[in-house]
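**Q**
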Amino acid sequence: MTQNLPSVFCAIDTPDFDRAKNLIVQIAPSGCGVKLGLEFFNSFGPDGVKRIMDKCDNPPIFLDLKYYDIPNTVAGAVRAASKLGVAYLNVHASGGLDMMKAAKDACAPETKLIAVTILTSFDEPSIEAAGYQSGIQDRVLQMAKLTQDAGLDGVVCSSHEIEALRSACGSDFALMVPGIRPAGSDANDQKRIMTPQNAMEKGATHLVIGRPITGSDNPANAATDIMNSI
Ligand code: C5P
3 MTQNLPSVFC AIDTPDFDRA KNLIVQIAPS GCGVKLGLEF FNSFGPDGVK RIMDKCDNPP
63 IFLDLKYYDI PNTVAGAVRA ASKLGVAYLN VHASGGLDMM KAAKDACAPE TKLIAVTILT
123 SFDEPSIEAA GYQSGIQDRV LQMAKLTQDA GLDGVVCSSH EIEALRSACG SDFALMVPGI
183 RPAGSDANDQ KRIMTPQNAM EKGATHLVIG RPITGSDNPA NAATDIMNSI
């Protein structure tokens, strides 16, 4: 199901269009894809995504906009965004089964739709303070199953959830994993990190890697080294 899609999506987190474009052009020969998120999208909109596709030889794009609203509204957003021709798009699983089903029905067939289970910025005290039951690990599994029941293609998860989700959700379910750091590289603000090789061995299908590539003196080499290591 993830055939022909890259194992690595490089997070391009910048409000500077030319910097984004230059980075994407530099890393393209490595074969890695591109993750564009809220910072890029709120700066440049759908037109910015189209311009990246045009100017950078149409790289596979994961558009990380994490939709969460009533089913009809999310369906409309997914319908519009998937018309851009991106490889991956996402919603929040906490929007519920009906929202995810409506989103999947609206999504263009060539775009894979995945869900965020619990944001990794939550810990047990903060999830309780937000009015949810504690037990993040159990909730992640429950929401991944709900995502699968809704017919979506996978979830975004932390590296520490890969094995449990792979065994609970089977082999035909994408696991998109941020918080990845090659051995010896700076963790930055990521608290729980894993190397690319380790994450792939545990069952990740895609890795999201930003600063180890974009903050490198030579992003092209950094991306190529990572792609060669997995
Ligand atoms: O630079 P770095 O590799 O830490 O970038 C990781 C990317 O993945 C960022 O765009 C960040 O917003 C995103 N992300 C994350 N953790 C999550 C979900 C998304 O780091 N749980």
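One point on numbering: in our numbering, the residue at position 127 of the sequence shown is 129, and numbering is uninterrupted. Glycine included, each C-beta is placed from N, C-alpha and C at the ideal position. Being a predicted model, the structure only gives us computed values, none of them experimental.
1. Hey, could you find the ends of the beta strand (DSSP E) MET178 is sitting in?
2. So what does DSSP say about VAL157, is it helix, strand or coil?
3. Taking the straight line between their C-alpha atoms, what separation do you get for ILE138 and HIS94?
4. Is any heavy atom of the ligand C5P found at a distance shorter than 7 Å from the C-beta of ILE211?
5. Helix, strand or coil for LEU209? Go by DSSP, reduced to three states.
6. Mind listing, in chain order, the continuous alpha helix (DSSP H) runs of no fewer than 4 residues lying wholly within the region 102-178?
7. Looking only at C-alpha atoms, which of LEU143, ILE116 and ASN60 sits nearest to MET178?
8. Counting C-beta neighbours from all protein chains within 10 Å, is the total for PRO198 16 or more, i.e. buried, or is it exposed?
9. Answer with buried or exposed for GLY97, where buried requires no fewer than 16 other C-beta atoms within 10 angstroms of its C-beta.
10. Can you list, in chain order, the residues of its chain with a C-beta nearer than 8 Å to that of PHE43? Leave out the 5 residues immediately preceding and following it.
11. Who are the near neighbours of ALA224 in its chain, counting only those whose CB is closer than 7 Å to its CB and skipping five residues on each side?
12. Check whether chain D comes within 8 Å of ARG168, counting only Cβ atoms and requiring the distance to be less than that.
13. How many Å lie between THR149 and LYS23 at the Cα?
14. Write down the C-beta distance between ALA77 and ASP125 rounded to the nearest angstrom, noting that I regard them as a contact closer than 8 Å.
15. Please check the pair VAL158 and VAL118, which I expect to be a contact at CB under 8 Å, by giving their CB distance rounded to whole angstroms.
16. Tell me whether ALA22, by its Cβ, gets closer than 7 Å to a heavy atom of the ligand C5P.
17. For LEU121, count neighbouring C-beta atoms within 10 Å of its own C-beta (all shown protein chains included) and say buried if the count is 16 or more, exposed if not.
18. Among LEU7, GLY39, ASP15 and GLU41, which one has its Cα closest to the Cα of GLY33?
19. Give the range of the alpha helix (DSSP H) segment to which ASP66 is assigned.
20. Can you tell me the Cα-Cα spacing of ASP15 and ASP140, whole angstroms?
21. Here's the rule: buried if 16 or more other CB atoms are within 10 angstroms of the residue's CB, otherwise exposed. What is ASP188?
22. For the ligand C5P, any of its heavy atoms closer than 7 Å to the Cβ of ASN200?
**A** A quick look at the data gives this:
1. As a first step, residue 178 is located in the sequence shown; it is residue number 176 there, counting from the start. 176-179 is the span of the beta strand (DSSP E), which, as asked, contains MET178.
2. If you number the sequence shown from 1, residue 157 lands on position 155. The answer is strand: DSSP assigns VAL157 an E or B state.
3. Here residue 138 refers to the residue found at position 136 when the sequence shown is read from its first residue. Here residue 94 refers to the residue found at position 92 when the sequence shown is read from its first residue. Looking at the two C-alpha atoms, the distance is approximately 15 Å.
4. What you label residue 211 is simply residue 209 of the sequence shown in a count that begins at 1. Yes; taking the cut-off as 7 Å, the Cβ of ILE211 has a heavy atom of the ligand C5P nearer than that.
5. Your numbering for residue 209 matches position 207 in the sequence shown. Reduced to three states, the DSSP call for LEU209 is strand.
6. 126-131, 138-151 and 164-171
7. Indexing the sequence shown from 1 puts residue 178 at position 176. It is ILE116.
8. Position 196 of the sequence shown, counted from the start, is the residue given in the question as residue 198. Buried, since its Cβ has 16 or more Cβ neighbours within 10 Å.
9. Residue numbering aside, residue 97 sits at position 95 when the sequence shown is read from its first letter. Buried, by the Cβ-count rule.
10. As a working note, residue 43 is residue 41 in the sequence shown. The answer, listed in chain order, is GLY50, VAL51, LEU65 and LEU67.
11. Stepping through the sequence shown from its first residue, residue 224 is reached at position 222. Around ALA224: PRO214, ILE215 and SER218.
12. You won't find chain D in this structure, because it holds only one protein chain.
13. Stepping through the sequence shown from its first residue, residue 149 is reached at position 147. Stepping through the sequence shown from its first residue, residue 23 is reached at position 21. Taking the straight line from one Cα to the other gives about 33 Å.
14. Position 75 of the sequence shown, counted from the start, is the residue given in the question as residue 77. Position 123 of the sequence shown, counted from the start, is the residue given in the question as residue 125. Not quite, the Cβ-Cβ distance comes to about 32 Å (not below 8 Å), so this is no contact.
15. Position 156 of the sequence shown, counted from the start, is the residue given in the question as residue 158. Position 116 of the sequence shown, counted from the start, is the residue given in the question as residue 118. That pair is a contact at about 5 Å.
16. By 1-based counting over the sequence shown, the position of residue 22 is 20. No - the ligand C5P has no heavy atom lying nearer than 7 Å to the Cβ of ALA22.
17. On the sequence shown, position 119 is the one that residue 121 refers to. Exposed, by the Cβ-count rule.
18. Numbered from 1 along the sequence shown, position 31 holds the residue referred to as residue 33. Per the Cα distances, LEU7.
19. Here residue 66 corresponds to residue number 64 of the sequence shown, with the count starting at 1. Counting along the chain, ASP66 falls outside any alpha helix (DSSP H), though it belongs to the beta strand (DSSP E) covering 63-69.
20. Counting from 1 along the sequence shown, the entry for residue 15 is found at position 13. Counting from 1 along the sequence shown, the entry for residue 140 is found at position 138. The alpha-carbon atoms of ASP15 and ASP140 are separated by roughly 31 Å.
21. By 1-based counting over the sequence shown, the position of residue 188 is 186. Exposed, since its Cβ has fewer than 16 Cβ neighbours within 10 Å.
22. Counting from one through the sequence shown, the residue named residue 200 turns up at place 198. For the ligand C5P, not one heavy atom lies less than 7 Å from the Cβ of ASN200.
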